Amino acid sequence: MILPKLGVYVGWMRWKGRRYPAVVNVGLNPTFGDRDTPIVEAYIIDFDDDLYDETIEIEFTHRLRDELRFTNVDDLVKQMRADVEQARGLLGI
Numbered sequence: 001m002i003l004p005k006l007g008v009y010v011g012w013m014r015w016k017g018r019r020y021p022a023v024v025n026v027g028l029n030p031t032f033g034d035r036d037t038p039i040v041e042a043y044i045i046d047f048d049d050d051l052y053d054e055t056i057e058i059e060f061t062h063r064l065r066d067e068l069r070f071t072n073v074d075d076l077v078k079q080m081r082a083d084v085e086q087a088r089g090l091l092g093i
């Protein structure tokens, strides 16, 4: 797997021949205690299926920002909502 620079991205998740809009964090989860190695976490916009143990593809289209450390979960959720709204505009959805 080739990873881009750490940060928050907009793009598309591909699964079972379809694509879905996504906001993706590539990073170390600083709000919850830094990890040693980066992980990729995707929030699939308007998606309710269970993807655990599934293989997906992520296509990065835009870089939104650097990964941030938030002082509390409420601030993180507020930023995630703003990221999703920005993603909707960038993806035209």
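Counting along the sequence shown from 1, when you hit position 34 you're at 34 in this note's numbering, and nothing is skipped either side. Built from N, CA and C at the ideal position, the CB exists for glycine as well. All of these numbers come straight from a predicted model, not from anything done at the bench.
- Query: Among Ile39, Trp12, Met1, Val26, which has the Cα closest to the Cα of aspartate 66?
  - Reply: Answer by Cα proximity: Val26.
- Message: Could you tell me the alpha carbon to alpha carbon distance between arginine 88 and aspartate 36, rounded to whole angstroms?
- Response: 31 Å
- Query: Apart from the five residues on each side of it in sequence, which residues of its chain come closer than 8 Å, Cβ to Cβ, to glutamine 86?
  - Reply: Val10, Leu64
- Own chain residues within Cβ distance below 6 Å of glutamate 57, not counting five before or after: Arg14
- Message: At the level of alpha carbons, what is the spacing between isoleucine 51 and threonine 61?
- Response: The residue asked about is misnamed: residue 51 is leucine in this sequence, not isoleucine. Using only the alpha carbons, I get a separation of about 21 Å.
- Message: Considering only the alpha carbon of each residue, which of Asn72, Tyr43, Asn29 lies closest to leucine 6?
- Response: Asn29
- Task: Kindly identify the DSSP beta-bridge partner or partners of glutamate 57.
- Result: Paired residue(s): Arg14.
- methionine 1 to glutamate 41 span [Cα, whole Å]: The alpha-carbon separation between methionine 1 and glutamate 41 amounts to approximately 14 Å.
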